[in-house]
Amino acid sequence: MRHILVFFAVLLLSPFKGHVQTAKNTSSSEIFQSLQKLNFLGSVLYVAAHPDDENTRLISYFANEKKARTAYLSLTRGDGGQNMIGAELRELLGVLRTQELLAARRIDGGEQIFSRANDFGYSKHPKETLKIWDENEVLADVVWAIRNFKPDVIVNRFDHRTPGTTHGHHTSSAQLSVEAFDLTGDPKEYPEQLTYTETWQPKRLFFNTFWWFYGSRENFEKADKSKMLTADIGTYYPVLGVSNNEIASRSRSQHRSQGFGTLSVRGSENEYLELIKGTLPKDKTNIFEGVDTSWSRLEGGAAIGAILTQVEKTFNFMDPAEHIDGLLQAYELIQELKDDHWREIKSKEIKKLILDVTGLYLEASATESYTNPGESVEIDIEAINRSKVDVVLKSVSLSGKMADKKDIVLKENQKFNFTLDLEVPKNTAYTSPYWLNKKGSLGMYSVEKQEWIGKPETPKPFEAQFILDFNGNSISFQKPVVHRYSERDKGELYRPFEILPKATARLDDKVLIFANAEPKKIPITIKAHADNVEGEVQLCFSKGWTVEQEIKSFKIAKKGDEQTLVFSMIPPSYEDESYITPLVKIDGSEISKELVTISYDHIPTQSVLLPSEAKVVRLNIQKTGENIGYIMGAGDKVPESLEQIGYTVHLVDPKDITPENLKKFDALVVGIRAYNVVDELKFKQRYLLDYAKNGGNLIVQYNTSGRWDSQFPNIAPYPITLSRDRVTDENSNVEILAKNHPLVNFPNTITNDDFKGWVQERGLYFPNKWSGEFTPILSMNDQGEPKTNGSLIVAPYGKGHYIYTGLSFFRELPAGVPGAYKLFSNMLSLGKEKIDTDTQVKG
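The numbering of the sequence shown is the working numbering, which starts it at 657 and goes up by one.
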């Protein structure tokens, strides 16, 4: 459905240029900015719930104006949302949005932290959120993040005092942050963490308020601001040639899967911070008041500060290497600091500066982008000193193996390179996001290593260690192994070096619907990740199902090639839901994983190993009609799901919508959020309505309210008003209002049992007003809320019908929910109920 790009790019780390797909080159201005940050010892932790919740303007302000070490703690990875740029949902969407957050932080200068909380979807109240999340474990993760990051100041995006007024995840993030503030300094709280970290007490905590939290600008103007600090986030940085809010706009635009590309903003603008805990600064513009942010806050730090302050005052933009002696002196003093926390942070920062001022380029590049456990791969080692500083490469080691190249004088601008063989141990873990390695729950991911909790990515498996000598000062530098290559249309590119199994198995259809007792062919695609791979695949299945030949052999000669094995599966005679798994056996080892690659030009390529399985459903379902037109919106898998029950689905390009082209369809379906994201529909809407008027069956799935051009025509033939009404409890009671309507009687009889087993939610953005021509079919509500009747409404229009539904079929059909299939089949069959039942086509 979507063309997937096949290249990776290492994003430019500079927040002040467009990202490129090459190695990072640091300008003198950026070096100077890093030097200023090295000279500041203060930290801010920003806390919210999801990717995109963070205020990039404030994060950039803290990182680039205040020069503070700044991090964003996002409790979730955004797994429960929608995807505006591709088909990734759930765990895969979480991986994508994780990388988008990292791309944003590379631009605004912040760091990124997570908890183990799983974004299970929209939640109306923190009570619901914390019931599905493990409240104690997520609180532990917030305490863990604070103890590790050690912020002087915490800033919450949301208000902990207003439960039920916004997303339950939002309020929960603030409530947990407020609670954690009082726990992090107590060694009796979560004492098991103290094996890896130590207690810490932040000085103050703020709520990042703004006028919209007060309902209007007028209300905000009248509000008591005695406990509020202000920050002008529009400051301009002449050295960098860009303003803070421009950096923030570019950062926020990395959230492409959510459609958050935005124009750059310029000019003065205030942000407001309301004190929640701690002491209120007298200076209403200084959140660090009372915190020593100089080197003097550390025992032995004053001498370091004196050296670095002098370097900053006399900084030579034309030849930064002039300052190498001062930086080396400071580096040696930093190693003597007793404060482990700041010693580690500042050592990393100054080592980066030493490389930058000398133009030192160090690289370890694998000749292949991946290999397998137990195999070896050639690594190209490169070192070049682009300054007049005397530098000696004392040694290079890789995975504990020392190269025989030692004491190499790196002459100015003279490249030194050689190759090393990397022997990958047989017990090396495969490359994959660590939080997906073990099955979690609806509300929580499972992470086995305490020290990994909060990390945005799995630590890189292999690094090269370069020991360099600068005028008698030996310093160790680590560089992760990467894969550098080129493409004709893009030039030099980088991608991560990965460890993959020798082969993986893929079931293209994640849900297989058996609409009758006939057997189905089950294709299983084996992909080789090594040369000359041969073995067997066993199809594992549950009682009641039958496979004609359970084990089949495969043999693949070249890495990257695929072979498809076809198994024949016979369902039981009764309705049943189960799972099948292909088990790949090679040389005594077994693996039941599939490899999913996520590749976009704004993030690094991600290799994700997920359980290879498919849900199989024996379903007694009937349908009428054959050819379905589908207009794709923001991306969903409904078309593939409809093909599962025997429909022929034609994807309709909006540009090709004409009255003549639409005549051939028995029903026409508009995908989720199509009116939000497909501009062409504003010009073609009349053809869709004419299709219904002339006897067609037009089905429109949910759109978000108010997110289209004001000139957009009405999405329905009669007035309807979309709202933010939704039912988030997938187990909530459903009442069938129109018991005699064909939608719940033909060709399948819909009962309350058909609403069992739904996932994530019932639906969203229901209409709350509609004209008398519409008939509401269902009524539903979340606990403690009034009933909503707009989840499925239908109206006759001319000779045909118009259906609007906010039910989350885009989640239910790919999840193989039987009742959802039956109801959608009825929607597609509307208007054909007069057809003699002998002519009905069984799915």
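Glycine included, every Cβ here is placed at the ideal spot set by N, Cα and C.
Here the structure is a predicted model, which means the values were calculated and not measured.
- Counting along the chain, histidine 1457 sits inside the beta strand (DSSP E) bounded by residues 1456-1461.
- Inter-residue distance for isoleucine 1287 and valine 1473 is about 23 Å (C-alpha atoms, whole angstroms).
- Comparing alpha carbon positions, the residue from Ala796, Lys806, Pro1157, Asp790 closest to threonine 726 is Lys806.
- Taking the Cα positions, histidine 1457 is about 7 Å away from glycine 1351.
- Take isoleucine 687, set aside five residues on each side of it, and the residues of its chain with a beta-carbon closer than 7 Å to its own are Pro976, Leu1009, Asp1012, Val1013, in chain order.
- With respect to isoleucine 810, glycine 766 sits apart: the two C-beta atoms are not nearer than 7 Å.
- For arginine 746, the enclosing alpha helix (DSSP H) has its first and last residue at 746-764.
- A straight-line Cα-Cα distance of about 20 Å links proline 1310 and asparagine 739.
- Excluding five sequence positions before and after asparagine 972, the CB atoms of its chain that fall closer than 6 Å to its own CB belong to Glu978, given in chain order.
- Counting C-beta pairs with one atom in each stretch, the stretch 1050-1069 and the stretch 1026-1040 have three or more that are closer than 8 Å, which means they touch.
- For the set Leu1076, Ala760, Phe1122, Lys1116, the Cα lying nearest the Cα of valine 1047 is the one of Phe1122.
- Secondary structure at tryptophan 868: helix, using DSSP grouped into helix, strand and coil.
- Under the 8 Å Cβ criterion, the stretch 1103-1121 does not count as touching the stretch 989-1005, having fewer than three qualifying pairs.
- A Cβ-Cβ contact shorter than 7 Å links leucine 731 with serine 771.
- Going by C-alpha positions, valine 1326 is about 11 Å away from alanine 1290.
- Contact annotation: isoleucine 1277 and lysine 1478 have beta-carbon atoms nearer than 7 Å.
- When beta bridges are read from the DSSP output, alanine 1022 appears opposite Ile1035.
- Look at phenylalanine 1422 here: in three-state DSSP terms it is strand.
- In the DSSP assignment, arginine 1274 is bridged to Phe1170, Asp1232.
- By alpha-carbon distance to isoleucine 1254, the top candidate from Ile1247, Leu1149, Gln1262 is Gln1262.
- Cβ atoms of lysine 859 and glycine 934 come within 8 Å of each other, at about 5 Å.
- When the Cα atoms are used, isoleucine 903 and serine 920 turn out to be separated by approximately 8 Å.
- Straight through space, the alpha carbons of methionine 884 and serine 1021 are spaced by roughly 51 Å.
- The beta carbons of aspartate 1312 and asparagine 1283 sit no closer together than 7 Å.
- Between the stretch 944-958 and the stretch 747-757, the count of C-beta pairs closer than 8 Å stays below three; the two stretches do not touch.
- When DSSP states are grouped into helix, strand and coil, lysine 1279 belongs to the strand group.
- If only complete runs of 3 or more residues are kept, the stretch 850-938 shows the beta strand (DSSP E) at 860-865, 884-888, 926-934, in order along the chain.
- Non-local C-beta neighbours of asparagine 1129 in its own chain, meaning closer than 8 Å and more than five positions away in sequence, comprise Leu984, Tyr987, Glu988, ordered along the chain.
- Taking each of Phe1422, Ala959, Glu1336 in turn and checking the Cα distance to isoleucine 1459, the smallest one comes out for Phe1422.
- Distance from the Cα of tyrosine 1358 is smallest, within the candidate group Asn1408, Asn1370, Tyr1331, Val1415, for Tyr1331.
- The C-alpha of leucine 1354 is placed about 15 Å away from the C-alpha of isoleucine 1376.
- Exclusion of the five residues before and after aspartate 1125 leaves Val1048, Lys1050 as the residues of its chain whose Cβ lies within less than 6 Å of its Cβ.
- Straight-line measurement puts the Cα of leucine 1266 at about 29 Å from the Cα of histidine 826.
- Put simply, of Lys722, Tyr717, Gly750 the residue whose alpha carbon is nearest the alpha carbon of arginine 733 is Gly750.
- Judged by beta-carbon spacing, leucine 929 lies within the 7 Å limit of asparagine 864, meaning their Cβ atoms are closer than that value.
- Two segments are said to touch when three or more pairs of C-beta atoms, one from each, lie closer than 8 Å; by this definition the stretch 1223-1232 does not touch the stretch 707-724.
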